[in-house]
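Residue 332 is where the sequence shown starts when you use my numbering, and the numbers rise one by one after that.
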Amino acid sequence: MYNLLKGKKGIIFGALDSKSIAWKVAERAHEEGAKFVLTNAPVALRLGTISELAEKTGSIVIPADATSMMDLEELVDRAVEALGGKIDFVLHSIGMSVNVRRGNHYTLQDYNFTKTGW
332 MYNLLKGKKG
342 IIFGALDSKS
352 IAWKVAERAH
362 EEGAKFVLTN
372 APVALRLGTI
382 SELAEKTGSI
392 VIPADATSMM
402 DLEELVDRAV
412 EALGGKIDFV
422 LHSIGMSVNV
432 RRGNHYTLQD
442 YNFTKTGW
């Protein structure tokens, strides 16, 4: 590897399992020297295997619902603390909404869930 990300610190959203784009990016970012925290919605953390990725990359997992400003603020605060005071990058790879899981085509999605919860 080339250490292209040596010294860079970030937050990676959306790694669910080894088939996730975020998972593959996290593996490669780690290989290139990046340090990061991993995050996903609490329900996704129960469904996936993100703890395996965290162990492999020496990362911590911080649950956060991306539709909750309070969760996002806490995520950033905890990430800054865990990473030593700065964030250089954020990877957004949240790929599936509740509506997609319900089988609703993306053009028919109802974003009311952002107000009412899961």
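Where a beta carbon is used, it is the ideal one built from N, C-alpha and C, also for glycine.
One question on the structure: do residue i and residue j come within less than 7 Å of each other, judged by their Cβ atoms?
| i | j | result |
| --- | --- | --- |
| Leu376 | Ser390 | no |
| Ala346 | Leu384 | yes |
Using the Cβ count rule (16 or more neighbours within 10 Å means buried), how would you classify residue i?
| i | result |
| --- | --- |
| Ser351 | buried |
| Phe344 | buried |
| Lys510 | No answer is possible for residue 510: it lies beyond the span of the chain, which begins at 332 and ends at 449. |
| Leu335 | exposed |
| Gly448 | Only weak support exists for where Gly448 lies, its pLDDT of 49 falling under 50; the value from the coordinates is given anyway. Exposed is the call here. |
Near residue i, what residues of its chain come up, given a Cβ to Cβ distance below 6 Å and the 5 sequence neighbours on each side ignored?
| i | result |
| --- | --- |
| Asp396 | Ala372, Asp402 |
| Thr451 | Past the edges of the chain, shown from 332 to 449, lies residue 451, and the structure says nothing about it. |
For residue i, collect the residues of the same chain with a Cβ closer than 7 Å to its Cβ; drop the 5 residues on either side in sequence, then sort them by chain order.
| i | result |
| --- | --- |
| Ala413 | Val368, Ile391 |
| Tyr333 | Glu363 |
| Leu422 | Gly341, Ile343, Phe344, Ala353, Val356 |
| Ile425 | Phe344, Gly345, Ala397 |
| Phe420 | Lys339, Gly341 |
Can you tell me which of the options puts its alpha carbon nearest to the alpha carbon of residue i?
| i | options | result |
| --- | --- | --- |
| Glu362 | Leu406, Lys339, Ser382, Leu378 | Lys339 |
| Ala360 | Val374, Thr388, Ser382, Glu383 | Thr388 |
| Glu386 | Gly415, Lys337, Glu358 | Glu358 |
Rounded C-beta distance between residue i and residue j? I'm assuming under 8 Å.
| i | j | result |
| --- | --- | --- |
| Ile393 | Leu378 | No, Ile393 and Leu378 are not in contact; Cβ-Cβ is about 17 Å, not under 8 Å. |
Identify, in the order they occur along the chain, each residue of the same chain with its Cβ nearer than 8 Å to the Cβ of residue i, setting aside the five sequence neighbours on each side.
| i | result |
| --- | --- |
| Lys417 | Lys340, Val411 |
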